[in-house]
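Chemist: Using the numbering used here, the final residue of the sequence shown is 1879, and nothing's skipped along the way.
To start, I am sharing the structure in question, which I have written as structure tokens.
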Amino acid sequence: MNKEIKSIRGMHDYLPEELKIWNYVETILKEVLASYCYLEIRLPLLEKTEIFKRAIGYITDVVEKEMYSFNDRKGNSLTLRPEGTVGCVRAIIQNHLLHKKNNKFWYLGPMFRYERPQKGRYRQFYQLGAEAFGLDTEDIDFEMILLTNRLWKKIGIDLHINLEINSIGSQKDRLKYKKELVSFLKKNEHLLDLDSKRRLYTNPLRILDSKNETMQKILQEAPLLSEYIDIHSTNHFKNLCSMITDHEIKYIYNKNLVRGLDYYNSTVFEWKSDYLGAQNTICAGGRYDSLIEEMGGKKTSAIGFAIGIERLVLLIKSLNIFSKKIEDINIYIIFIGKENKYHAINLSEEIRNLYPKLKIFINFLNQNLQKKIKNAICSSAKIAIIINRYHIKEKYFVIKDLKNKKEFYLLKHELMIKIQEFFK
Ligand code: ATP
Ligand code: MG
1456 MNKEIKSIRG MHDYLPEELK IWNYVETILK EVLASYCYLE IRLPLLEKTE IFKRAIGYIT
1516 DVVEKEMYSF NDRKGNSLTL RPEGTVGCVR AIIQNHLLHK KNNKFWYLGP MFRYERPQKG
1576 RYRQFYQLGA EAFGLDTEDI DFEMILLTNR LWKKIGIDLH INLEINSIGS QKDRLKYKKE
1636 LVSFLKKNEH LLDLDSKRRL YTNPLRILDS KNETMQKILQ EAPLLSEYID IHSTNHFKNL
1696 CSMITDHEIK YIYNKNLVRG LDYYNSTVFE WKSDYLGAQN TICAGGRYDS LIEEMGGKKT
1756 SAIGFAIGIE RLVLLIKSLN IFSKKIEDIN IYIIFIGKEN KYHAINLSEE IRNLYPKLKI
1816 FINFLNQNLQ KKIKNAICSS AKIAIIINRY HIKEKYFVIK DLKNKKEFYL LKHELMIKIQ
1876 EFFK
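Here's what the structure looks like:
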């Protein structure tokens, strides 16, 4: 194929076979979110660049290296959203949705990050995000853990995904901690890998979740974030952990769990799977109690999470748990002779009126009867209906039971009853 007309690196086409799994997943996600009273919100793909810089943090991987930003015709800098929380917060402030207490929203759509494409990491990827506003107690953190836990159970991956939680305290706590961490790491600077050396001067907290084993060894001696966290965050976290334990949900307290975006505080959590290789986080979330005020709204507590749908689908595929056979075609209509095309179309419309859920395919190709029947057999259709001149004259239709190789000659009203029998 001509090289010019390939998709952009890291951006994929989502093809019908794969989308069967996506639809299965999305239906469950929507059902579960509704059962916790989350409401859907749809947001623009583009926002002003400045709001991402301010909210996510000027010195973060996302803002420094990963954003797709460009100037519009008037010279305004716009950015394809790298995540959904910032746009969601902008929208709820702009649309005055904060007056109600306990607001909960969800959204699903593509996000864009200029990253190095690899398995589970793309430049356009889908996130399902959920955000809850107005509750500062750990109850809502716990409800989010329950919600996500229920999702995995319903999807059938709960045995292959683990919860990790941590508390990262307030921004003030982290600033204090950051100083201590940096001075510790500077003493070991000659041992740091290239990535960590760079991060030491930009985003040192991210060194904590480095995947490099040498880094993790060095970090064993490092000061602990938990010792710098204020009493409020500590109690919040203790209460959350005991609620999770009481509910018998397994979790790992990961003292090095941090988030890549600046706006988080207090509770952070991730659901990870060992089946995905390096890109093992499927769902990541946390509190961001000061973001709304920072973006010009009134002080409101908030917590959210985002699920990477591609990674979720990869896990489902690697576990081979999606076995639901979805038929693309239920009834295959064959007509012989151009003049019978309209009978075929009319019949298909009548069947759709009576049975709106059935998938009816008309073969419009210029093929002979044998070829058309062969195609019907190769499709997922259960029955084929054949319309030719003789049958129209006599008002009979030929119905072929494609699986059991039986044939029926039926009048139209009999045909409609037979269809019901076939697809009950
Ligand atoms: P990572 O450490 O894997 O880069 P992150 O901390 O940047 O993740 P978040 O911003 O928390 O990720 O996004 C939430 C979720 O969205 C991730 O846990 C992951 O499932 C998914 N995700 C993030 N970036 C990508 C990407 N480039 N491609 C596919 N999925 C992604
Ligand atoms: Mg990232």
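Where a beta carbon is used, it is the ideal one built from N, C-alpha and C, also for glycine.
Here the structure is a predicted model, which is why all the values come from computation and not from measurement.
Can you list, in chain order, the residues of its chain whose CB lies under 7 Å from that of T1515, leaving out five sequence neighbours each side?
Modeler: Start at 1 with the first residue of the sequence shown, and residue 1515 comes out as number 60. Excluding sequence neighbours, T1515 sits near N1658, G1715, L1716, D1717.
Chemist: Taking 8 Å as the cut-off, decide whether the C-beta atoms of I1758 and I1786 are in contact.
Modeler: On the sequence shown, position 303 is the one that residue 1758 refers to. On the sequence shown, position 331 is the one that residue 1786 refers to. No; because the gap between Cβ atoms is not below 8 Å, this pair is not in contact.
Chemist: Which one of K1710, L1552, K1485 has the shortest CA to CA distance from I1747?
Modeler: Taking the first residue of the sequence shown as 1, we reach residue 1747 at position 292. Taking only the C-alpha atoms, the option nearest I1747 is L1552.
Chemist: Under the rule that 16 or more other beta-carbon atoms within 10 Å means buried, what is R1571, buried or exposed?
Modeler: Along the sequence shown, one-based indexing puts residue 1571 at 116. By the 10 Å Cβ count, R1571 comes out exposed.
Chemist: Quick check on DSSP: helix, strand or coil for Y1787?
Modeler: Position 332 of the sequence shown, counted from the first residue, corresponds to residue 1787. Of the three classes helix, strand and coil, the one that applies to Y1787 here is strand, per DSSP.
Chemist: With hydrogens ignored, establish whether the beta-carbon of L1716 is closer than 7 Å to any heavy atom of the ligand ATP.
Modeler: Position 261 of the sequence shown holds residue 1716. In this structure, L1716 has its CB closer than 7 Å to one or more heavy atoms of the ligand ATP.
Chemist: What do you reckon, is the C-beta of C1492 under 7 Å from a heavy atom of the ligand ATP?
Modeler: Stepping through the sequence shown from its first residue, residue 1492 is reached at position 37. Flag unset: Cβ of C1492 not near the ligand ATP.
Chemist: Can you give me the C-alpha to C-alpha distance between L1695 and L1857, rounded to a whole angstrom?
Modeler: In the sequence shown, residue 1695 corresponds to position 240, counting from 1. In the sequence shown, residue 1857 corresponds to position 402, counting from 1. If you draw a straight line from the Cα of L1695 to the Cα of L1857, it is about 57 Å long.
Chemist: Quick one: does the C-beta of D1650 sit closer than 7 Å to a heavy atom of the ligand MG?
Modeler: Here residue 1650 corresponds to residue number 195 of the sequence shown, with the count starting at 1. Not so, every heavy atom of the ligand MG lies at least 7 Å from the Cβ.
Chemist: Report whether the distance from the Cβ of D1516 to the nearest heavy atom of the ligand MG is below 7 Å.
Modeler: As a first step, residue 1516 must be located in the sequence shown, where it is residue number 61. Yes, Cβ of D1516 sits closer than 7 Å to a heavy atom of the ligand MG.
Chemist: Under the criterion of a Cβ to heavy atom distance below 7 Å, does Q1671 qualify as lining the ligand FAD?
Modeler: The model on display carries the ligand ATP and the ligand MG but not the ligand FAD.
Chemist: Assuming F1567 contacts R1576 under a Cβ cut-off of 8 Å, what Cβ separation, rounded to an integer in Å, is found between them?
Modeler: Within the sequence shown, residue 1567 is the residue found at index 112, counting from 1. Within the sequence shown, residue 1576 is the residue found at index 121, counting from 1. At roughly 13 Å, the Cβ-Cβ gap does not stay under 8 Å, so F1567 and R1576 are not in contact.
Chemist: Per DSSP, which one or two residues make a beta bridge with K1855?
Modeler: Counting from one through the sequence shown, the residue named residue 1855 turns up at place 400. Answer by DSSP bridge pairing, in chain order: A1839, E1862.
Chemist: Assign Q1582 to buried or exposed, taking buried as 16 or more other Cβ atoms, counted over all protein chains shown, within 10 Å of its Cβ.
Modeler: Within the sequence shown, numbered from 1, the residue matching residue 1582 stands at position 127. Looking at its Cβ environment, which holds 16 or more other Cβ atoms inside 10 Å, Q1582 is buried.
Chemist: Quick one: is L1870 buried, meaning 16 or more other Cβ sit within 10 Å of its Cβ, or exposed?
Modeler: By 1-based counting over the sequence shown, the position of residue 1870 is 415. Under this definition L1870 is a buried residue.
Chemist: Under the rule that 16 or more other beta-carbon atoms within 10 Å means buried, what is E1586, buried or exposed?
Modeler: In the sequence shown, the residue the question calls residue 1586 occupies position 131. When all chains shown are included, E1586 counts as buried.
Chemist: In the DSSP assignment, what are the bridge partners of N1801?
Modeler: Start at 1 with the first residue of the sequence shown, and residue 1801 comes out as number 346. Looking at the DSSP output, N1801 sits in no beta bridge, so it has no partner there.
Chemist: Look at the alpha carbon of I1737 and the alpha carbon of E1725, and state the distance between them as a whole number of angstroms.
Modeler: Position 282 of the sequence shown, counted from the first residue, corresponds to residue 1737. Position 270 of the sequence shown, counted from the first residue, corresponds to residue 1725. Rounded to the nearest whole angstrom, the C-alpha separation of I1737 and E1725 is 7 Å.
Chemist: To the nearest angstrom, how far is it from the Cα of I1841 to the Cα of L1769?
Modeler: Counting from one through the sequence shown, the residue named residue 1841 turns up at place 386. Counting from one through the sequence shown, the residue named residue 1769 turns up at place 314. Taking the straight line joining both Cα atoms gives about 41 Å.
Chemist: Where in the stretch 1546-1628 do unbroken runs of the beta strand (DSSP E), each at least 3 residues long, occur, reported from the N-terminal end onward?
Modeler: 1558-1567, 1579-1588, 1617-1622
Chemist: Taking one C-beta from the stretch 1636-1652 and one from the stretch 1695-1710 each time, how about it: are there three or more such pairs within less than 8 Å?
Modeler: no
Chemist: Leaving out five residues on either side along the sequence, give the residues of the same chain with a beta carbon under 7 Å from the beta carbon of T1755.
Modeler: On the sequence shown, residue 1755 is found 300 positions in, with the first residue counted as 1. Within the same chain, T1755 has close Cβ partners L1553, F1588, G1589, I1747.
Chemist: From which residue to which residue does the beta strand (DSSP E) around C1738 run?
Modeler: Numbered from its first residue, the sequence shown carries residue 1738 at position 283. Here the beta strand (DSSP E) through C1738 covers 1736-1742.
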